[in-house]
Amino acid sequence: MSENPIVGIREKERRRRRVNRIKSAIIWTIAIWMIASITAIIYLICRCNSLDNKLDRFNEFFLSASANARVSEKKQEAPPDTSGDEQDDKDRTTSYKPKEDETTDDTKKVYLTFDDGPSDNTDDILDILKEYNVKATFFVIGKNDEHSKEMYKRIVDEGHTIALHSYSHKYSEIYKSLENYEEDLERLSDHIYDITGVRSHFLRFPGGSSNQVSNLDMKEFIKLVNDEGYTYFDWNVASGDATNQRITKEDIINNVMKDVPLHNTSVVLMHDANNKNSTVEALKDLIETLQDQGYTLLPIDENTKLVQHISVEEVINE
Ligand code: ZN
Numbered sequence: 042m043s044e045n046p047i048v049g050i051r052e053k054e055r056r057r058r059r060v061n062r063i064k065s066a067i068i069w070t071i072a073i074w075m076i077a078s079i080t081a082i083i084y085l086i087c088r089c090n091s092l093d094n095k096l097d098r099f100n101e102f103f104l105s106a107s108a109n110a111r112v113s114e115k116k117q118e119a120p121p122d123t124s125g126d127e128q129d130d131k132d133r134t135t136s137y138k139p140k141e142d143e144t145t146d147d148t149k150k151v152y153l154t155f156d157d158g159p160s161d162n163t164d165d166i167l168d169i170l171k172e173y174n175v176k177a178t179f180f181v182i183g184k185n186d187e188h189s190k191e192m193y194k195r196i197v198d199e200g201h202t203i204a205l206h207s208y209s210h211k212y213s214e215i216y217k218s219l220e221n222y223e224e225d226l227e228r229l230s231d232h233i234y235d236i237t238g239v240r241s242h243f244l245r246f247p248g249g250s251s252n253q254v255s256n257l258d259m260k261e262f263i264k265l266v267n268d269e270g271y272t273y274f275d276w277n278v279a280s281g282d283a284t285n286q287r288i289t290k291e292d293i294i295n296n297v298m299k300d301v302p303l304h305n306t307s308v309v310l311m312h313d314a315n316n317k318n319s320t321v322e323a324l325k326d327l328i329e330t331l332q333d334q335g336y337t338l339l340p341i342d343e344n345t346k347l348v349q350h351i352s353v354e355e356v357i358n359e
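Taking this note's numbering, the leading residue of the sequence shown gets 42, the next gets one more, and so forth.
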């Protein structure tokens, strides 16, 4: 039986088309699979970063909450305040030298401190402080974008104290070793100096000096920063704004006003961070309430009484 050549050509053509269809299907499958994989990888990287940030926020909240709990436990054990605030400074062996009149004047001092900036809220915070002619302290982190650089400069130009928090603000990295911590701190110090011309000697440990994250004894970090001429500040009043985004302006004001009467020198922990809008919303009323009740609002300087969860004096005299 002889083959019809036309039928043969058609058959070949059909086969060729079928092969092409299969090829296209394979190529499309691979392409879709690759796009899906890449998308999944990008998504997972973003999720990791955001979880990392959340973990740091959680650390901050958890640590500030537990530090406050420890501070209030101490308060209950010790005689009523004036203990920390009115402590005699004459034995202090750090570079910190308070003025003589510090212990005799009875003005109630409040130091508003903002951690973790610059952020999208820094402009608003600075605007409000300017409106009330109040100076505060910003414990900043390392950022490189133009807006952040402007904010570092604005903080300095408007008379606030720029102080060091951490360049990376990654607890797991900075507290891994003294070298890591020192490198991070130096990097931030140089960064701020390059942008503002200010070499800050004030710092706040991420999580405070009493944080429980560091595997190494925090006393080692305290000795290190003291040897390098830094003065660190914790806080004795927490605004609670590290907790979550649902905290209201009223909660923040209540948290602060509940604790400031307990101290002659109050160092208030607040945050200058994206999405911490309640802090900004609370600021005007908070300043007005504090001023109405006779408190003096000041930026941290070399005359500020130390507020430390773990006292540098105890560590270096051990
Ligand atoms: Zn922080």
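Note that the Cβ used here is the ideal one computed from N, Cα and C, for glycine as well.
Does the beta-carbon distance from residue i to residue j come in below 8 Å?
{"i": "Pro247", "j": "Tyr193", "result": "no"}
{"i": "Glu309", "j": "Thr154", "result": "Here residue 309 is Val; the residue named in the question, Glu, does not match the sequence. Going by C-beta atoms, Val309 is nearer than 8 Å to Thr154."}
{"i": "Gly249", "j": "His312", "result": "no"}
{"i": "Ser204", "j": "Ile341", "result": "This sequence places Ala at residue 204; Ser is not what is there. Contact: yes."}
{"i": "Lys150", "j": "Thr306", "result": "yes"}
{"i": "Lys176", "j": "His201", "result": "yes"}
{"i": "Asp275", "j": "Val348", "result": "yes"}
{"i": "Tyr152", "j": "Leu339", "result": "yes"}
{"i": "Arg240", "j": "Ser230", "result": "yes"}
{"i": "Lys299", "j": "Ile236", "result": "no"}
Residue i: buried (16+ other C-beta within 10 angstroms of its C-beta) or exposed?
{"i": "Tyr271", "result": "buried"}
{"i": "Met259", "result": "buried"}
{"i": "Gly281", "result": "buried"}
{"i": "Ile50", "result": "exposed"}
{"i": "Asn277", "result": "buried"}
{"i": "Asn252", "result": "buried"}
{"i": "Asp142", "result": "Since pLDDT at Asp142 reaches only 39, below the 50 mark, its modelled position is unreliable, and the value read off the structure follows with that caveat. It counts as exposed."}
{"i": "Ser78", "result": "exposed"}
{"i": "Val48", "result": "exposed"}
{"i": "His206", "result": "buried"}
{"i": "Ala283", "result": "buried"}
{"i": "Ala314", "result": "buried"}
{"i": "Arg55", "result": "exposed"}
{"i": "Arg59", "result": "exposed"}
So residue i packs on residue j, CB below 8 Å; how close in whole Å?
{"i": "Arg228", "j": "Tyr208", "result": "5 Å"}
{"i": "Asp157", "j": "His210", "result": "7 Å"}
{"i": "Glu199", "j": "Lys171", "result": "6 Å"}
{"i": "Asn267", "j": "Val353", "result": "5 Å"}
{"i": "Leu257", "j": "Tyr216", "result": "7 Å"}
{"i": "Leu327", "j": "Ile293", "result": "7 Å"}
{"i": "Thr148", "j": "Thr337", "result": "5 Å"}
Look at the alpha carbon of residue i and the alpha carbon of residue j, and state the distance between them as a whole number of angstroms.
{"i": "Lys325", "j": "Ile169", "result": "7 Å"}
{"i": "Glu291", "j": "Phe262", "result": "36 Å"}
{"i": "Pro46", "j": "Lys64", "result": "27 Å"}
{"i": "Lys264", "j": "Thr80", "result": "47 Å"}
{"i": "Asp165", "j": "Asn221", "result": "33 Å"}
{"i": "Leu85", "j": "Ile71", "result": "21 Å"}
{"i": "Tyr234", "j": "Gly335", "result": "35 Å"}
{"i": "Met75", "j": "Trp69", "result": "10 Å"}
{"i": "Asn61", "j": "Lys53", "result": "12 Å"}
{"i": "Asp333", "j": "Asp161", "result": "29 Å"}
{"i": "Asn174", "j": "Ile82", "result": "49 Å"}
{"i": "Glu269", "j": "Glu224", "result": "13 Å"}
{"i": "Thr320", "j": "Ser218", "result": "33 Å"}
{"i": "Ile357", "j": "Tyr273", "result": "14 Å"}
{"i": "Val301", "j": "Ala279", "result": "10 Å"}
{"i": "Lys346", "j": "Asn316", "result": "31 Å"}
{"i": "Glu359", "j": "Gly238", "result": "36 Å"}
{"i": "Leu92", "j": "Arg57", "result": "52 Å"}
{"i": "Tyr212", "j": "Asn90", "result": "14 Å"}
{"i": "Ile67", "j": "His188", "result": "48 Å"}
{"i": "Leu226", "j": "Ala323", "result": "31 Å"}
{"i": "Glu355", "j": "His242", "result": "20 Å"}
{"i": "Asp28", "j": "Glu343", "result": "With the chain covering only 42 through 359, there is no way to say anything about residue 28."}
{"i": "Arg88", "j": "Leu167", "result": "32 Å"}
{"i": "Thr163", "j": "Asn295", "result": "22 Å"}
Is it the case that the CB of residue i approaches a heavy atom of the ligand COA more closely than 7 Å?
{"i": "His242", "result": "Although the ligand COA was asked about, the structure shown includes only the ligand ZN as ligands."}
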